[in-house]
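K.L.:
Position 130 of the sequence shown, counting from 1, maps to 130 under our numbering, and the rest follow consecutively.
Backbone N, C-alpha and C define an ideal beta-carbon position, used for all residues, glycine too.
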Amino acid sequence: CLLMPRANPRATRAVALGTALAVTGIVYGALVALVQKDFKFVIGYSSVSHMGFVLLGLAALNIVGWSGAVLQMFSHGIIAGLLFGVVGRMVYDRAHTRELDKLEGMGLMRAIPFAAVTFVIAGFASMGMPGFSGFIAELQVLIGAWQAFPKLAILAGVGIVVGVVYTLKTTAKVFFSDKTEAAESHHDHHAHELEPISVQERLGAALLILCTVIVGLHPRLLLDLIVPSFQSPLFDGLRKAAGL
Numbered sequence: 001c002l003l004m005p006r007a008n009p010r011a012t013r014a015v016a017l018g019t020a021l022a023v024t025g026i027v028y029g030a031l032v033a034l035v036q037k038d039f040k041f042v043i044g045y046s047s048v049s050h051m052g053f054v055l056l057g058l059a060a061l062n063i064v065g066w067s068g069a070v071l072q073m074f075s076h077g078i079i080a081g082l083l084f085g086v087v088g089r090m091v092y093d094r095a096h097t098r099e100l101d102k103l104e105g106m107g108l109m110r111a112i113p114f115a116a117v118t119f120v121i122a123g124f125a126s127m128g129m130p131g132f133s134g135f136i137a138e139l140q141v142l143i144g145a146w147q148a149f150p151k152l153a154i155l156a157g158v159g160i161v162v163g164v165v166y167t168l169k170t171t172a173k174v175f176f177s178d179k180t181e182a183a184e185s186h187h188d189h190h191a192h193e194l195e196p197i198s199v200q201e202r203l204g205a206a207l208l209i210l211c212t213v214i215v216g217l218h219p220r221l222l223l224d225l226i227v228p229s230f231q232s233p234l235f236d237g238l239r240k241a242a243g244l
């Protein structure tokens, strides 16, 4: 329904509703992620926020927004897989807890440094740092949204800012907390008992990182495939009917 002509009153209402839901999802998901106490829930609500950009791009009803939405689906699939891999596989399978307060003093940076480095990289990608696929995808969506509804595009940008906050907050708490050194003086033996990151885990993480970096540095590898798909007679008719 989001791709129906705007000239139709029902379509106009559908687009307005879709846009409102998209922006709400982006901001709400980010704010809820900010106050979570469970490591996995932080990533889960982060996904809600980032997937809101897909709906926002569709609601923009222009090629830039649509192509950004498709690229965001691919990008977030890679980045979310990397984040959940660290949280569920590398950390939880070894620490047996997802509570941020408990993970804070486990000295994970020393015990499993590969997991820490991987999460930092994945966090940068999730925040939309240049050089990663998330930057290109969300930039495309925001440009498309700006062309259609500038004020809501700015509001969606608030979700990105909050995303930076909860990502840095969670990373610091789990891997770089001041409490870690104090805890290690009492529980250093526990930290070193954690199983090292396996070769398979390293290869899987490296592959996902490589994917998001390649697309981030050379987005045309995918955009050259995505954009032509929106230049079909069907989408041409939709754009003309929408006055675009």
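I'd like to know whether the C-beta atoms of Glu201 and Arg89 end up nearer to each other than 8 Å.
P.N.:
Yes.
K.L.:
Closest by CA to Leu142, which one among Ala156, Met129, Val87?
P.N.:
Closest option to Leu142, Cα to Cα, is Ala156.
K.L.:
Could you tell me the boundaries of the alpha helix (DSSP H) in which Glu138 lies?
P.N.:
Glu138 -> alpha helix (DSSP H) spans 133-148.
K.L.:
How far does the alpha helix (DSSP H) with Phe176 in it extend, from its first residue to its last?
P.N.:
Where Phe176 is concerned, there is no enclosing alpha helix (DSSP H), given that its DSSP letter is neither H nor E.
K.L.:
To the nearest whole angstrom, what separates the beta carbons of Gly68 and Gly144, a pair I think is in contact under 8 Å?
P.N.:
That pair is a contact at about 6 Å.
K.L.:
Pair every Cβ in the stretch 95-115 with every Cβ in the stretch 193-211, then say whether three or more of these pairs are closer than 8 Å.
P.N.:
Verdict: yes, contact present.
K.L.:
What span of residues does the alpha helix (DSSP H) with Ala111 cover, start to end?
P.N.:
Per DSSP, Ala111 belongs to the alpha helix (DSSP H) from 108-111.
K.L.:
Which residue marks the beginning of the alpha helix (DSSP H) containing Phe230, and which one marks its end?
P.N.:
Where Phe230 is concerned, there is no enclosing alpha helix (DSSP H), given that its DSSP letter is neither H nor E.
K.L.:
Roughly how many whole angstroms lie between the Cα atoms of Ala206 and Gly57?
P.N.:
Using only the alpha carbons, I get a separation of about 29 Å.
K.L.:
Buried or exposed: Ala30, going by 16 or more other Cβ atoms within 10 Å of its Cβ?
P.N.:
Answer is buried; the Cβ neighbour count reaches 16.
K.L.:
Let's test the definition: count the other Cβ atoms within 10 Å of the Cβ of His189 and tell me whether it reaches 16, buried, or not, exposed.
P.N.:
In this prediction, His189 scores a pLDDT of 49, lower than 50, which makes its location untrustworthy; the coordinate-derived value is nonetheless stated afterwards. Under this definition His189 is an exposed residue.
K.L.:
Where does Glu195 sit, in a helix, a strand or coil, going by DSSP?
P.N.:
Coil, per DSSP.
K.L.:
What first and last residue would you give for the alpha helix (DSSP H) that runs through Ala80?
P.N.:
Here the alpha helix (DSSP H) through Ala80 covers 63-84.
K.L.:
Inspect the beta-carbon positions of Gln147 and Leu71 and report whether they are closer than 8 Å.
P.N.:
It is not a contact, given that the beta carbons lie outside the stated cut-off.
K.L.:
Taking only three categories from DSSP, how would you classify Glu99?
P.N.:
DSSP places Glu99 in strand when its eight states are reduced to three.
K.L.:
Determine whether the beta carbon atoms of Gly163 and Gly85 lie at a separation below 8 Å.
P.N.:
No. Outside cutoff.
K.L.:
Measuring straight from C-alpha to C-alpha, what distance separates Ile209 and Leu17?
P.N.:
Each residue's Cα considered, the two are about 35 Å apart.
K.L.:
Compare the C-alpha of Gly123 against each of Tyr92, Asp101, Val27, Thr212 and name the closest.
P.N.:
Ranking the options by Cα distance to Gly123, first place goes to Thr212.
K.L.:
The alpha helix (DSSP H) spanning His218 covers which residue range?
P.N.:
Careful: His218 lies outside any alpha helix (DSSP H) and carries neither H nor E.
K.L.:
Where Met127 and Ala80 are concerned, what is the direct C-alpha to C-alpha distance, given to the nearest angstrom?
P.N.:
Their Cα atoms are separated by approximately 12 Å.
K.L.:
Among Phe135, Ala153, Val87, whose alpha-carbon lies nearest the alpha-carbon of Ala60?
P.N.:
Ranking Phe135, Ala153, Val87 by Cα distance to Ala60 puts Ala153 first.
K.L.:
Since Met106 contacts Ala95 with CB under 8 Å, what's their CB separation in whole angstroms?
P.N.:
The pair is a contact, with the Cβ atoms about 6 Å apart (cut-off 8 Å).
K.L.:
On the DSSP bridge assignment, give the partners of Asp38 in chain order.
P.N.:
Partner(s): Glu99.
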